[in-house]
Amino acid sequence: MSRETTRLRSPLVEIDDINLESVDVSRLQPVGQRPPLGVYVRSLWDRRHFIVADSRARAFSGNRDTLLGNAWLVGRPILDGAAYFIIFGVLLGTSRGVDNFIGFLLVGVFMFSFTSRCLTGGAGVMSSGKNLIRAFSFPRAAIPIAMVLRETISMLPVIATMLVMVVAIPPHASITWRWALFPLVFLLQVMFNAGLVFYAARITSAIPDLRMVLGFVSRFWLYGSGVMFSLERFITHPTVLEVIQFNPAYCVLELSRDLLVYGQTPELTLWLTLGAWAVATPVLGFLYFWQAEEDYGRE
Numbered sequence: 007m008s009r010e011t012t013r014l015r016s017p018l019v020e021i022d023d024i025n026l027e028s029v030d031v032s033r034l035q036p037v038g039q040r041p042p043l044g045v046y047v048r049s050l051w052d053r054r055h056f057i058v059a060d061s062r063a064r065a066f067s068g069n070r071d072t073l074l075g076n077a078w079l080v081g082r083p084i085l086d087g088a089a090y091f092i093i094f095g096v097l098l099g100t101s102r103g104v105d106n107f108i109g110f111l112l113v114g115v116f117m118f119s120f121t122s123r124c125l126t127g128g129a130g131v132m133s134s135g136k137n138l139i140r141a142f143s144f145p146r147a148a149i150p151i152a153m154v155l156r157e158t159i160s161m162l163p164v165i166a167t168m169l170v171m172v173v174a175i176p177p178h179a180s181i182t183w184r185w186a187l188f189p190l191v192f193l194l195q196v197m198f199n200a201g202l203v204f205y206a207a208r209i210t211s212a213i214p215d216l217r218m219v220l221g222f223v224s225r226f227w228l229y230g231s232g233v234m235f236s237l238e239r240f241i242t243h244p245t246v247l248e249v250i251q252f253n254p255a256y257c258v259l260e261l262s263r264d265l266l267v268y269g270q271t272p273e274l275t276l277w278l279t280l281g282a283w284a285v286a287t288p289v290l291g292f293l294y295f296w297q298a299e300e301d302y303g304r305e
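The numbers in my numbering rise by one with no breaks, and the one at position 298 of the sequence shown is 304.
This is the structure:
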């Protein structure tokens, strides 16, 4: 930056010693233009405090207009579990042959609800953030990241309720040292959910009608992940069963049930499969989202 002193004359006044500054604009770029990946990641990191603060502020605001408020965070999956227990466990008899079916069902409903909320929330996250996108220049990935963090914070009291219920409701699950491994399962689920949100956010930003399709996908995924019944009991074809066991939601549920309900060490294959999903999905999803950085917020 350089400073120059000049003298301006006019027919009416004479102005001396006006300071003119030359500014280096080589590092400036148009608003909304996609920056290089390294610059983009650093910019996200610089805004980490805002992302965390925004997520914490909004984590428990979704039900503030209802009488029970945030109690619905726990109440909704409990009601879902009760409905599934009556329909599948009592009327259809899927509880036969499943040890501690109540614990089996509680873990399935509570844990799958986290992924389901992230998927459906990611489908509308860019649309709801359009005003913010148009008003400020910032990495657009901050919006889906904040949404995942918000859902994660909201999930903590839900998990606490789930743990109490699987121990308190007969047949009681026993607390073992394997419970200490459950936070790792939850962390892997959070990572996978983040990648899922990146994909959903970009796809539905380009084609809003796909929000309706993702609702159907979520319901289909629910039944294909063994939330309410044991898949091994109804699927006998080995190839089909292997494909289903590659399902990341299935891995989350099986790992959680083994650790919390049955007190047994899960198979290594489940850890490896979920770990692969938890690494690949957010990395590829982030790159996929970043490639459309210039398109978000457009009419």
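For glycine and all other residues, C-beta sits at the position ideal for the given N, C-alpha and C.
Inset, instruction - Look at the Cβ atom of L247, then the Cβ atom of L261, and state whether they are nearer than 9 Å. - result: Looking up residue 247 in the sequence shown gives position 241. Looking up residue 261 in the sequence shown gives position 255. No, the Cβ-Cβ distance between L247 and L261 is not below 9 Å.
Inset, instruction - Please work out which residues of its chain come closer than 6 Å, Cβ to Cβ, to I84, disregarding the five sequence neighbours upstream and downstream, and give them in chain order. - result: Numbered from 1 along the sequence shown, position 78 holds the residue referred to as residue 84. Closer than 6 Å at the Cβ level, and outside the excluded window around I84, lies no residue.
Legend entry - alpha helix (DSSP H) segments (min. 4 residues) lying fully within the region 100 to 176: DSSP runs (the alpha helix (DSSP H)) wholly in the region 100 to 176: 107 to 134, 136 to 141 and 148 to 174.
Inset, instruction - Taking all protein chains shown into account, decide if I57 is buried (16 or more other Cβ within 10 angstroms of its Cβ) or exposed. - result: The count along the sequence shown starts at 1 and reaches residue 57 at position 51. Buried.
Inset, instruction - Could you say which of R62, S49, R40 and Y302 lies nearest to F214 if we only look at CA atoms? - result: Counted from its first residue, the sequence shown places residue 214 at position 208. Rather than Phe, the amino acid found at residue 214 in this sequence is Pro. Across the set R62, S49, R40 and Y302, the C-alpha of Y302 shows the shortest separation from the C-alpha of P214.
Inset, instruction - Indicate whether the contact test is met: 3 or more Cβ pairs, each with one atom in the region 125 to 142 and one in the region 205 to 212, closer than 8 Å. - result: Two segments are said to touch when three or more pairs of C-beta atoms, one from each, lie closer than 8 Å; by this definition the region 125 to 142 touches the region 205 to 212.
Inset, instruction - Can you say whether F292 is buried or exposed, counting buried as having 16 or more other CB atoms within 10 angstroms of its CB? - result: Along the sequence shown, one-based indexing puts residue 292 at 286. The residue is buried, with at least 16 neighbouring Cβ atoms inside 10 Å.
Inset, instruction - Give the secondary structure of H55 by DSSP, where H, G and I count as helix, E and B as strand, and everything else as coil. - result: Here residue 55 is taken as the residue at index 49 of the sequence shown, counted from 1. Helix at H55.
Inset, instruction - Report yes if the CB atom of Y294 is closer than 9 Å to the CB atom of P145, and no otherwise. - result: The sequence position of residue 294 within the sequence shown is 288, counting from 1. The sequence position of residue 145 within the sequence shown is 139, counting from 1. No. Outside cutoff.
Inset, instruction - Enumerate in chain order the residues of its own chain whose CB-to-CB distance from L276 is below 7 Å, with the five nearest sequence positions on each side excluded. - result: Mapped onto the sequence shown, residue 276 falls at position 270. Correct list, in chain order: C257, E260 and L261.
Inset, instruction - Return helix, strand or coil for N199, following the three-state DSSP convention. - result: The residue given as residue 199 occupies position 193 in the sequence shown. DSSP places N199 within a helical segment (H, G or I) once states are collapsed to three.
Inset, instruction - Could you round the C-beta distance between A179 and V173 to whole angstroms and report it? I think they count as a contact, below 8 Å. - result: Position 173 of the sequence shown holds residue 179. Position 167 of the sequence shown holds residue 173. Contact flag correct, Cβ pair sits at about 6 Å.
Inset, instruction - Tell me, to the nearest whole angstrom, how far the beta carbon of L216 is from that of L280; I am working on the premise that it is less than 8 Å. - result: Along the sequence shown, one-based indexing puts residue 216 at 210. Along the sequence shown, one-based indexing puts residue 280 at 274. In fact, because the Cβ distance is near 26 Å, the residues do not count as touching under 8 Å.
Legend entry - Classification of V233 by the beta-carbon crowding that lies within 10 angstroms, buried from 16 upward: To locate residue 233, count along the sequence shown from 1; it is residue 227. Label assigned to V233: buried.
Legend entry - Simplified DSSP assignment, three categories, for P83: Along the sequence shown, read from residue 1 onward, the residue named residue 83 stands at position 77. P83 falls in the helix class under three-state DSSP.
Legend entry - C-alpha distance - L111 paired with Y268, whole-angstrom precision: As a working mapping, residue 111 is identified with position 105 in the sequence shown. As a working mapping, residue 268 is identified with position 262 in the sequence shown. For L111 and Y268, the distance between alpha carbons rounds to 13 Å.
Legend entry - Residue from I93, G99, V164 and I108 with nearest C-alpha to F116: In the sequence shown, residue 116 corresponds to position 110, counting from 1. Comparing Cα-Cα distances from F116 to each of I93, G99, V164 and I108, the minimum goes to V164.
Legend entry - Delimiting residues of the alpha helix (DSSP H) encompassing W296: Stepping through the sequence shown from its first residue, residue 296 is reached at position 290. From DSSP, the alpha helix (DSSP H) with W296 extends over L274 to W296.
Inset, instruction - Report the three-state DSSP secondary structure of Y205 (helix, strand or coil). - result: Residue numbering aside, residue 205 sits at position 199 when the sequence shown is read from its first letter. In the structure shown, Y205 sits in a helix (DSSP, three-state: H, G or I).
Legend entry - Which of helix, strand or coil DSSP assigns to Q270: As a working note, residue 270 is residue 264 in the sequence shown. Here Q270 sits in coil by DSSP.
Inset, instruction - Return yes when the Cβ of S122 is within less than 9 Å of the Cβ of S211, no when it is not. - result: Working through the sequence shown from its first residue, we reach residue 211 at position 205. Working through the sequence shown from its first residue, we reach residue 122 at position 116. Cβ distance not < 9 Å, so S211 and S122 don't count as in contact.
Inset, instruction - Taking I250 and G221 to be in contact with their CB atoms under 8 Å, please state how far apart those CB atoms are, rounded to whole angstroms. - result: The residue labelled residue 250 in the question sits at position 244 within the sequence shown. The residue labelled residue 221 in the question sits at position 215 within the sequence shown. About 21 Å; that fails the 8 Å criterion.
Legend entry - Cβ pair G103, R239 closer than 9 Å: As a position in the sequence shown, residue 103 is number 97, starting the count at 1. As a position in the sequence shown, residue 239 is number 233, starting the count at 1. Cβ atoms of G103 and R239: closer than 9 Å.
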